[in-house]
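Student:
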Amino acid sequence: MESIVDLLRYDPGQLPASAENLRQDVRDFLAVEMKQYSALTRAYTWDGADQTFSEKMGAKGWLGMTLPKEYGGAGLSNLERYVVAEETLFAGAPVGYHWIADRQSGPLIARIGTEKQKADLLPRICRGETCFSIGMSEPNSGSDLASLQSKAVRTDEGWLINGTKLWTTNAHIASYMIGLFRTDLNAQPKHAGFSQFIIDLKNTPGVTVRPIEDLTGRKHFNEVVFENALVSDDALLGTENDGWRQVGSELAIERSGPERFLSCAVLFVELLKVLEQGDDQSAKREIGSILANLVTLRSMSLSVSGKLAQGDDVSLQAVIVKDLGAEFEQTLPGIVQKIVGIEPNLSDDAEPLAQVLALLTMLAPSFSLRGGTVEILRGIIAKRLGIS
Amino acid sequence: MSDISSMLEDSVTRLFRDKVDREFLQEQEKTGWAAQLWELTEELGLSSVLVKEDNGGVGGDWADAYEIVKGCGRFAVPLPLPETIVARWLLDQTNLVAPEGPLTLIPSIDGSDAKRIPWGRNAVAGCTTQVTDSGNIVRLVDFTDVVFTHEVNLAKEPRDNCSMIANLCDGDVNVPATASFYLGAMIRSAQISGVAMALLEQATIYSGERSQFGRNLNKFQTVQHNLARLATAAASLDSISRFAFATMDNVGFKDDAKTDVRFAIAAAKSRASECVDLICALSHQIHGAIGFTYEHSLHFYSRRAWSWRSEFGGSSYWANTLGDIALGLGSEKLWGAITALGINETKTAN
Ligand SMILES: Cc1cc2nc3c(=O)[nH]c(=O)nc-3n(C[C@H](O)[C@H](O)[C@H](O)COP(=O)(O)OP(=O)(O)OC[C@H]3O[C@@H](n4cnc5c(N)ncnc54)[C@H](O)[C@@H]3O)c2cc1C
Numbered sequence: 001m002e003s004i005v006d007l008l009r010y011d012p013g014q015l016p017a018s019a020e021n022l023r024q025d026v027r028d029f030l031a032v033e034m035k036q037y038s039a040l041t042r043a044y045t046w047d048g049a050d051q052t053f054s055e056k057m058g059a060k061g062w063l064g065m066t067l068p069k070e071y072g073g074a075g076l077s078n079l080e081r082y083v084v085a086e087e088t089l090f091a092g093a094p095v096g097y098h099w100i101a102d103r104q105s106g107p108l109i110a111r112i113g114t115e116k117q118k119a120d121l122l123p124r125i126c127r128g129e130t131c132f133s134i135g136m137s138e139p140n141s142g143s144d145l146a147s148l149q150s151k152a153v154r155t156d157e158g159w160l161i162n163g164t165k166l167w168t169t170n171a172h173i174a175s176y177m178i179g180l181f182r183t184d185l186n187a188q189p190k191h192a193g194f195s196q197f198i199i200d201l202k203n204t205p206g207v208t209v210r211p212i213e214d215l216t217g218r219k220h221f222n223e224v225v226f227e228n229a230l231v232s233d234d235a236l237l238g239t240e241n242d243g244w245r246q247v248g249s250e251l252a253i254e255r256s257g258p259e260r261f262l263s264c265a266v267l268f269v270e271l272l273k274v275l276e277q278g279d280d281q282s283a284k285r286e287i288g289s290i291l292a293n294l295v296t297l298r299s300m301s302l303s304v305s306g307k308l309a310q311g312d313d314v315s316l317q318a319v320i321v322k323d324l325g326a327e328f329e330q331t332l333p334g335i336v337q338k339i340v341g342i343e344p345n346l347s348d349d350a351e352p353l354a355q356v357l358a359l360l361t362m363l364a365p366s367f368s369l370r371g372g373t374v375e376i377l378r379g380i381i382a383k384r385l386g387i388s
Numbered sequence: 001m002s003d004i005s006s007m008l009e010d011s012v013t014r015l016f017r018d019k020v021d022r023e024f025l026q027e028q029e030k031t032g033w034a035a036q037l038w039e040l041t042e043e044l045g046l047s048s049v050l051v052k053e054d055n056g057g058v059g060g061d062w063a064d065a066y067e068i069v070k071g072c073g074r075f076a077v078p079l080p081l082p083e084t085i086v087a088r089w090l091l092d093q094t095n096l097v098a099p100e101g102p103l104t105l106i107p108s109i110d111g112s113d114a115k116r117i118p119w120g121r122n123a124v125a126g127c128t129t130q131v132t133d134s135g136n137i138v139r140l141v142d143f144t145d146v147v148f149t150h151e152v153n154l155a156k157e158p159r160d161n162c163s164m165i166a167n168l169c170d171g172d173v174n175v176p177a178t179a180s181f182y183l184g185a186m187i188r189s190a191q192i193s194g195v196a197m198a199l200l201e202q203a204t205i206y207s208g209e210r211s212q213f214g215r216n217l218n219k220f221q222t223v224q225h226n227l228a229r230l231a232t233a234a235a236s237l238d239s240i241s242r243f244a245f246a247t248m249d250n251v252g253f254k255d256d257a258k259t260d261v262r263f264a265i266a267a268a269k270s271r272a273s274e275c276v277d278l279i280c281a282l283s284h285q286i287h288g289a290i291g292f293t294y295e296h297s298l299h300f301y302s303r304r305a306w307s308w309r310s311e312f313g314g315s316s317y318w319a320n321t322l323g324d325i326a327l328g329l330g331s332e333k334l335w336g337a338i339t340a341l342g343i344n345e346t347k348t349a350n
């Protein structure tokens, strides 16, 4: 039983004082850059993509910070990246164009990619000019990822890919997808036969990207169809048939970052702006309770980041952050409505708070779906605690 | 984790796991003071963890103290050990000499009346911080001749009332007048985090033993999800309470309640108090009727949590306090205050 206590231990992830100089630089940069964006645009945070903005971040040296210097990175720890990530999210910067590449594709390629893949891709990720997407889900495989059907077959010319990926965020603007495909059709257990590929979405014949409108009316995720799409041997990422394990190692980073509780930060800030003008005593308690949640989630996320920087296994602690973060973000729009009693309203002349509330009310259902549904996460938590 | 921390965690866990079991807690509830257990904690020097080595203490920091205080919650330790740790730290900040034996914190004094003093009848003295014309003080009240009206909390822990007029001594101190109340809230949040862990541990074991419909309870997905929610709540309480203790080390009390450790403490106690409902409900649900009996040990944890959540300010008190902090800082300064918490000035980049 000692192990449960250890598994659930969140040592404070302490930022070195030097990271605070970096923070100030990022704040100064954002103070200028963010002037042009409305509250509604800021509310998209990592759902909003703006290549120009990403390239400016790249020029500052704030993308791929943990990557080796020889590939354009800064060779810094995950904690420095954390500072940049949370500052941009809190400001509501449109970080979507570089987010996936900076957060997981870059580090993954750096860890298991070939020399050629690293030399080709990492410098471009660090410059903010390349958008990546993640192709895992398919029409018949959501939570049950091990059932996925798209396959890559080895031929004399390379790998021949067939199948359909679904819900692929940003595939319509991305240069690349890192996709998970079946490479051993007879493997047992099922998940033993997967491999990851880096697919050039813009220049591969047989690849069709179709944007899918989401319930807010914007195009964000896609259907990506592969019809005899031929990719070269160089496209294989990591080891053949080791894709399942490779994907697993990405998830810890994907699940515990500050985006798991700061996607709604703009809403909280707009709420404060309205309340600090009035004298609504009854709102104070709700504000305090939101803030307590936020500070708690940050302490957890930062703790995981500190452990990642030390190279510890944080898969369980990361899932917990995502689960609690999703719950927090998902309930926030409802709480805000209760406090201020305004109608969510997307029209151009509506108050900023009403606009932001409108957007996040509609985005909220996705928080407990993307990156693993809350039901699946809780199953993982139970399993990791030795329950089942 | 520092060496002191892991050493303390080990010895605290060993001591309390050995001594504080169900029979002990049942017996102790009837007879009152666990004198022997107190002596054992004194032999380990636990109550002096924060006292400087020059003054005969362990010279540990708040992160070390956290392990002990959390352990007191996790094992439902029926002693004012957390209170004594804080009292000894407060006295160590003054020129007052700390008496030997168990101490306590006086939550509030109204005229000469003090109410709901934890373990008042068992403590040799109590401490509180106050403001005077000439500055802030730690007030040390000798309990030798004090007559207490006995009251208890839901877990039958003494929460006594008294009038104290004599036997005071005051020492000047450089902490806010509300420091003892804040630190009281901080130890309760750590104790609740310990209870959360105990509730989870018990539910995990029980669900692996009890069988219905031909399967152990932990094979049912709904039960697994309830355990997972209990685990996430326990994890979050560990994180925020630990964070508050670490902020005590890194930032401590400064001039502004909005930007010093008080921000972190308000967040910790607000979350801890708020989560009590959930953690108790989930663990009791998983235990079924057996967990509702006096015979079973579960209630030693849940009854403590149900009281501790209101002691030294409940969730609405602390949420209000935090709301004041948020609105006081305003949308422009709030984020800066959040990120400045817990920065360790002495650490440099690695
Ligand atoms: C905005 C958004 C962006 C996304 N971006 C990407 C992306 O970039 N790349 C990508 O690959 N995918 C992406 N996804 C897909 C996402 O990963 C899936 O939605 C998710 O894995 C769930 O799959 P599903 O939607 O098919 O639901 P299903 O798996 O069909 O599940 C439906 C419901 O049943 C529940 N359920 C399923 N199985 C179980 C079980 N065993 N026990 C209990 N309950 C269960 C689920 O929890 C859920 O509530 C995105 C999704 C969204 C909403």
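Note that the protein sequences, when read in sequence, are chains A and B. Taking the working numbering, the leading residue of the first sequence gets 1, the next gets one more, and so forth. Taking the working numbering, the leading residue of the second sequence gets 1, the next gets one more, and so forth. Virtual Cβ for every residue (Gly too), placed ideally from N, Cα, C.
If you pair each beta-carbon of the stretch 289 to 301 of chain A with each one of the stretch 263 to 271 of chain B, do three or more pairs fall below 8 Å?
Tutor: Contact between the stretch 289 to 301 of chain A and the stretch 263 to 271 of chain B is present, because at least three Cβ pairs lie under 8 Å.
Student: Tell me, please, whether the CB atom of Q14/A is closer than 8 Å to any CB atom in chain E?
Tutor: No chain E appears in this structure, whose protein chains are A and B.
Student: By the 8 Å beta-carbon criterion, what residues does the stretch 276 to 302 of chain B contribute toward chain A?
Tutor: Those residues of the stretch 276 to 302 of chain B that come within reach of chain A (Cβ to Cβ, closer than 8 Å) do not exist; the list is empty.
Student: Just checking: is the beta-carbon of A349/B within a distance shorter than 8 Å of some beta-carbon in chain A?
Tutor: Against the second sequence, residue 349/B aligns to sequence position 349. Caution is warranted here: a pLDDT of 37 is assigned to A349/B, below 50, making its placement in the model unreliable, and no coordinate value can be reported.
Student: Please name the residue or residues paired with A174/A in a DSSP beta bridge.
Tutor: What you label residue 174/A is simply residue 174 of the first sequence in a count that begins at 1. BP columns for A174/A are empty, so no partner.
Student: Using the rule of at least 16 other Cβ atoms within 10 Å of the residue's Cβ for burial, across every protein chain shown, is Q277/A buried or exposed?
Tutor: The residue labelled residue 277/A in the question sits at position 277 within the first sequence. Looking at its Cβ environment, which holds fewer than 16 other Cβ atoms inside 10 Å, Q277/A is exposed.
Student: Just to confirm my understanding: we take W62/A, look at its own chain, exclude 5 residues before and 5 after, and list those with CB closer than 6 Å. What are they?
Tutor: Here residue 62/A is taken as the residue at index 62 of the first sequence, counted from 1. The answer, listed in chain order, is V84.
Student: Taking L353/A as the reference, which of S38/A, V153/A, H191/A has the closest Cα?
Tutor: Position 353 of the first sequence, counted from the start, is the residue given in the question as residue 353/A. For the residues S38/A, V153/A, H191/A, the minimum Cα distance to L353/A belongs to S38/A.
Student: According to DSSP, simplified to helix, strand and coil, what is L377/A?
Tutor: Sequence index remark: in the first sequence, residue 377/A carries index 377 (1-based). Helix, per DSSP.
Student: With DSSP run on the structure shown, which of helix, strand or coil describes A114/B?
Tutor: Your numbering for residue 114/B matches position 114 in the second sequence. Three-state result, A114/B: strand.
Student: Output, in chain order, the set of chain B residues within a Cβ distance shorter than 9 Å of Y10/A.
Tutor: Against the first sequence, residue 10/A aligns to sequence position 10. Simply A235, S236, D238, S239, I240, R242, F243.
Student: In or out: P94/A buried (at least 16 other Cβ within 10 Å) or exposed?
Tutor: Numbered from 1 along the first sequence, position 94 holds the residue referred to as residue 94/A. Its Cβ being crowded by 16 or more others within 10 Å, P94/A is buried.
Student: Using a threshold of 7 Å, is the CB atom of T130/A nearer than that to any non-hydrogen atom of ligand 1?
Tutor: Your numbering for residue 130/A matches position 130 in the first sequence. It does not: the Cβ of T130/A is nowhere closer than 7 Å to a heavy atom of ligand 1.
Student: When every heavy atom of ligand 1 is checked, does at least one fall within less than 7 Å of the C-beta of E250/A?
Tutor: Here residue 250/A is taken as the residue at index 250 of the first sequence, counted from 1. It does not: the Cβ of E250/A is nowhere closer than 7 Å to a heavy atom of ligand 1.
Student: In chain order, what residues of the same chain have a beta carbon less than 7 Å from the beta carbon of D160/B, not counting five sequence neighbours either side?
Tutor: As a first step, residue 160/B must be located in the second sequence, where it is residue number 160. Here the set comprises I117, G120, R121, F148, T149, H150, E151.
Student: Report the three-state DSSP secondary structure of E223/A (helix, strand or coil).
Tutor: The residue you call residue 223/A lines up with position 223 of the first sequence. E223/A falls in the strand class under three-state DSSP.
Student: Which residue's Cα is closest to the Cα of L145/A: V26/A, S388/A, A382/A, T373/A?
Tutor: Within the first sequence, the letter at position 145 stands for residue 145/A. That would be T373/A, whose Cα lies nearest to the Cα of L145/A.
Student: With a threshold of 16 other CB atoms inside 10 Å of the CB of Y294/B, please say whether the residue is buried or exposed.
Tutor: Position 294 of the second sequence holds residue 294/B. With fewer than 16 Cβ atoms within 10 Å of its Cβ, Y294/B is classed as exposed.
Student: Indicate whether at least one CB of chain A lies closer than 8 Å to the CB of H225/B.
Tutor: The residue labelled residue 225/B in the question sits at position 225 within the second sequence. By this cut-off, H225/B is an interface position.
Student: Out of G59/B, T232/B, E23/B, state which residue places its alpha-carbon closest to the alpha-carbon of S5/B.
Tutor: Position 5 of the second sequence, counted from the first residue, corresponds to residue 5/B. Looking at the Cα atoms, G59/B is the closest of the given residues.
Student: Comparing the C-beta of M7/B with each C-beta of chain A, is any distance below 8 Å?
Tutor: As a first step, residue 7/B is located in the second sequence; it is residue number 7 there, counting from the start. Closer than 8 Å: no.
Student: What is the rounded straight-line gap between the Cα of T13/B and the Cα of E274/B?
Tutor: The count along the second sequence starts at 1 and reaches residue 13/B at position 13. The count along the second sequence starts at 1 and reaches residue 274/B at position 274. Going from the Cα of T13/B to the Cα of E274/B covers about 26 Å.
Student: Cβ of G142/A versus every heavy atom of ligand 1: is any distance shorter than 7 Å?
Tutor: Locating residue 142/A in the first sequence gives position 142, counting from the first residue. G142/A Cβ: within cutoff of ligand 1.
Student: Please report the Cβ distance between I343/B and N250/B, rounded to the nearest whole angstrom; I am assuming they are in contact, meaning their Cβ atoms lie under 8 Å.
Tutor: The count along the second sequence starts at 1 and reaches residue 343/B at position 343. The count along the second sequence starts at 1 and reaches residue 250/B at position 250. The Cβ separation is near 6 Å, so the contact holds.
Student: With distances taken from CA atoms, which of E53/B, D113/B, L90/B, V124/B is nearest P99/B?
Tutor: By one-based count along the second sequence, residue 99/B stands at place 99. Cα-wise, what sits closest to P99/B is V124/B.
Student: Using the DSSP secondary-structure output, state which residues sit across from E213/A in a beta bridge.
Tutor: Here the question's residue 213/A lines up with position 213 in the first sequence. Paired residues: K219/A.
Student: Please return the same chain residues whose Cβ sits closer than 6 Å to the Cβ of M1/A, not counting the five positions on each side in sequence.
Tutor: Here residue 1/A corresponds to residue number 1 of the first sequence, with the count starting at 1. With a pLDDT of only 46 at M1/A, under 50, the local geometry of the prediction cannot be trusted, and the value read off the model is given with reservation. Hits under 6 Å: none found.
Student: Can you find a C-beta in chain A that's less than 8 Å from the C-beta of T222/B?
Tutor: As a working mapping, residue 222/B is identified with position 222 in the second sequence. Not an interface residue.
Student: Can you check DSSP and say which residues form a bridge with P158/B?
Tutor: On the second sequence, position 158 is the one that residue 158/B refers to. Paired residue(s): V152/B.
Student: Give me the DSSP bridge partner(s) of N162/A.
Tutor: Position 162 of the first sequence, counting from 1, holds the residue named residue 162/A. Answer is K151/A, bridged to N162/A.
Student: I'd like to know whether the C-beta of G379/A is nearer than 8 Å to at least one C-beta of chain B.
Tutor: Within the first sequence, residue 379/A is the residue found at index 379, counting from 1. True, the Cβ-Cβ gap to chain B drops below 8 Å.
Student: So, with DSSP's three-state summary, where would you put E295/B?
Tutor: On the second sequence, position 295 is the one that residue 295/B refers to. Coil, per DSSP.
Student: Less than 8 Å between the beta carbons of L230/B and S207/B, yes or no?
Tutor: Residue 230/B sits at position 230 when you count from the first residue of the second sequence. Residue 207/B sits at position 207 when you count from the first residue of the second sequence. No.
Student: For E361/B, which residues in chain A fall below 8 Å Cβ to Cβ?
Tutor: This structure leaves residue 361/B out entirely; chain B is present only between 1 and 350.
Student: Considering only heavy atoms of ligand 1, does any lie closer than 7 Å to the CB of Q36/A?
Tutor: By 1-based counting over the first sequence, the position of residue 36/A is 36. Not so, every heavy atom of ligand 1 lies at least 7 Å from the Cβ.
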